[in-house]
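All remarks here apply to the structure that follows.
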Amino acid sequence: MIEYKNIMSKNVQSLAPSGIRKFFDVLDTMQDAISLGIGEPDFVTPWHIREAGIYSLEQGHTKYTSNAGMTKLREEISKYLDRRFSLKYDPKGQIFVTVGGSEAIDLCVRAMVETGDEVIIPIPSFVCYGPITTMSNGVPVFIETKAENEFRLTAKELEAAITPKTKLVILPFPNNPTGAVMRMEDWKEIAQVLRGTDIMLLSDEIYAELTYGGHHVSPANIPELYERTLLVNGFSKAYAMTGWRLGYVCGPDEILKQMLKIHQYGIMSAPTMSQYAAIDALKDGDVDIERMKESYDHRRKLILKGLRDMGLECFEPRGAFYIFPSIKSTGLTSDEFCTRFLQEERVAVIPGTAFGENGEGFIRISYASSVENIETALERMRNFIGRLK
Amino acid sequence: MTEILKLLEEDSRYTPAQIAAMTGKDESEVRNIIKKCEEDHIINGYTALIDWDRTHEEAVTAFIEVKITPQRDDGFDRIAKRIYQYEEVESLYLMSGAFDLAVTVSARSLKDVAQFVSAKLAPIDGVRSTATHFILKKYKDKHRPFQVDPEQEERVLFV
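Chains as they are written, first to last, in our numbering: chain E, 160 to 548; chain H, 17 to 175.
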């Protein structure tokens, strides 16, 4: 008998499995349960975009595209980034198309990180950065962002985490799960800290379009940071296209050329149908973005008020579609809160600890759900918290 | 005001408190704006979207193209008014193009619609001709599809 665990990669085996599964297993067995756990738009991809995908199939566009993605798509991405965020990238060597933002993140880390290199990761944040770093034999160095700083990464915190081994800093803003965003002045301070170093930035801007009450600012908007930024974005959140698996990365030609080799051997090219749909999204989808964003914004305000009215301390999220209230006043841990809330009130939310140790005392609630669901969930939470007192 | 109207158009059951929370306004301010809109006939009523085909009620809806002779001074308005005051008339639009008025009529049976057209609509002074089309199935109304795919797909567990 082969003992598989003796022969499999130690690195892979060391990765922690997602601790969230148990919530969804319980959820599946419940009647009239509400899930505010999933981090996915509740909209279907706008019809004109779906139609463009269907039309591409009708036309028989079923082959690989060039490794970097269709020229037309890269041109449209270039125009889009300039139009919406004043970012300049040459479609000929500074942009390439990936299978979701996730692949782009993976490629950035794999292209940059060598054994022992440190990757700075602000937490709480999306779960993938640590494991991807570990898989490249890199060392994740976590920075705990603070509620009193509105979960922004401060220049001081960054400075304290930098060592001679620091290779890459992950910048997950707008942030999942906190809803934190970085402002122009925050980036300028960070630029000061990085001046004279060779440290690169991986800016995961998948939620860029979902920024409320102000414009999204990318580190690449700061001239001093532009040359050290690898910008990752995609179609999943802005256009409700999660299942199409399409993202892209922008940055210096020289780095992208190396990343493209990994993509070429592992992926070949992103799905062709999705690329055609994405061209349509970029050309005619600005109005869809606005419509969906307005709808998220209404729900964001509704849930913020609901949570604050029941006495929960809650930082106002400025981006994405999550809210991250503190549940410390209940005396429960995040995990206890979520487990009991699900069992007793049939509502699934995610413990903050899923996004980093300092998520203890917080829960993540996704408001990408109907107003009716949000209202019912708030009502059930009022009952739940009332019983705890 | 536009924001409030859009929300009410999306779901007229939203309470002023909910709208206030969603827009960041005061509840009393929302109430006042809604009241003003009602007084100014910007909001003309609240209703539900019902798929009568799924009930046991007999119901027939017809779309009628009407050509009329416009009248001195009143243009189309006076004839339109004579038509839309009938209970059976669900909607009435003045159109550009091949005909003048688009009338939607709902009644219990084909016979009732036929009766309405021949006895009430066609004889109106100024109505030159009518063409009646019966509606076979309603797929979508007010941006809402009437039959939503009930399939629940498998979902990714965690993002």
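Backbone N, C-alpha and C define an ideal beta-carbon position, used for all residues, glycine too. Since the structure is predicted, the reported quantities are computational estimates derived from the model, not experimental observations.
Extent of the continuous beta strand (DSSP E) run through His149 of chain H: 143–150
Proximity of Ile302 of chain E and Pro281 of chain E at Cβ, strictly below 7 Å: yes
Residue(s) in a DSSP beta bridge with Lys156 of chain H: H:Pro161, per the DSSP bridge assignment.
His457 of chain E: contacting residues in chain H (beta-carbon distance under 8 Å): Leu23, Met38, Thr39
Sequence-distant residues of its chain with Cβ nearer than 6 Å to Asn296 of chain E (five each side left out): Thr274
Opposing strand residues paired with Gln87 of chain H [DSSP bridges]: H:Gly91
For Ile490 of chain E, the three-state DSSP class (helix, strand or coil): This sequence places Gly at residue 490 of chain E; Ile is not what is there. Gly490 of chain E: coil per DSSP, three-state reduction.
Within-7 Å CB hit, Lys464 of chain E to chain H: Chain H contact via Cβ: present.
Contact check, Val133 of chain H vs Thr148 of chain H, beta carbons under 7 Å: yes
Per-residue burial, Pro382 of chain E [other beta carbons within 10 Å of its own, 16 or more giving buried]: exposed
Sequence-distant residues of the same chain with beta carbon closer than 8 Å to Met427 of chain E, five excluded per side: Tyr223, Asn226
Residue environment, Gln434 of chain E, which counts as buried when at least 16 other CB atoms sit within 10 Å: buried
Near-chain H residues of the stretch 355–384 of chain E (beta-carbon distance less than 7 Å), N- to C-terminal order: Residues of the stretch 355–384 of chain E with a C-beta less than 7 Å from any C-beta of chain H: none at all.
Gly520 of chain E vs Lys487 of chain E beta-carbon contact at 7 Å: yes
Inter-residue Cα distance where the pair is Leu117 of chain H and Val143 of chain H: 10 Å
Beta-bridge pairing of Ala123 of chain H - partner residues as DSSP gives them: H:Val76
Alpha-carbon spacing of Ile99 of chain H relative to Asp141 of chain H, whole angstroms: 11 Å
Residue ranges of each beta strand (DSSP E) within the stretch 306–349 of chain E, 3 or longer: 325–330
Where Asn392 of chain E falls: helix, strand or coil (DSSP): strand
The stretch 353–372 of chain E touching the stretch 397–408 of chain E, judged by at least three CB pairs closer than 8 Å: With the rule of 3 Cβ pairs closer than 8 Å, the stretch 353–372 of chain E counts as touching the stretch 397–408 of chain E.
Helix, strand or coil at Glu235 of chain E according to DSSP, with G and I counted as helix: Per DSSP, reduced to three states, the secondary structure at Glu235 of chain E is helical.
Assumed close pair Arg387 of chain E, Met359 of chain E - CB separation to whole angstroms, cut-off 8 Å: 5 Å
Which of helix, strand or coil DSSP assigns to Thr370 of chain E: Here DSSP, grouped into helix, strand and coil, assigns Thr370 of chain E to strand.
Members of the stretch 81–95 of chain H near chain E, C-beta cut-off 7 Å: none
Beta carbon proximity, Leu461 of chain E to chain H, threshold 7 Å: With 7 Å as the cut-off, Leu461 of chain E counts as an interface residue toward chain H.
Where Trp346 of chain E falls, given that 16 or more other Cβ within 10 Å makes a residue buried: buried
Between the CA atoms of Val340 of chain E and Asn308 of chain E - distance to the nearest angstrom: 11 Å
Asp439 of chain E classed as buried or exposed, judged by whether at least 16 other C-beta atoms fall within 10 angstroms: buried
Environment of Val530 of chain E [buried if 16+ CB atoms lie within 10 Å]: Buried.
Distance CB(Ile462 of chain E)-CB(Ile533 of chain E) smaller than 7 Å: yes
Every unbroken beta strand (DSSP E) within the stretch 471–534 of chain E, with a cutoff of 3 residues, ordered by chain: As far as the stretch 471–534 of chain E is concerned, its whole beta strand (DSSP E) runs of at least 3 residues are 522–525.
For Asp412 of chain E, the three-state DSSP class (helix, strand or coil): helix
Whole alpha helix (DSSP H) elements within the stretch 444–473 of chain E, 4-residue minimum: 445–468
Residues of its chain near Tyr272 of chain E, where Cβ-Cβ distance is below 8 Å and the 5 sequence neighbours each way are ignored: A small correction: the amino acid at residue 272 of chain E is Val; Tyr does not occupy that position in the sequence shown. So the qualifying residues of the chain are Val278, Thr292, Ser295, Asn296, Gly297, Lys326, Leu327.
Coarse secondary structure for Phe183 of chain E, derived from DSSP in three states: DSSP places Phe183 of chain E within a helical segment (H, G or I) once states are collapsed to three.
Range covered by the alpha helix (DSSP H) that runs through Thr257 of chain E: Thr257 of chain E -> not in any alpha helix (DSSP H); beta strand (DSSP E) instead, spanning 254–257.
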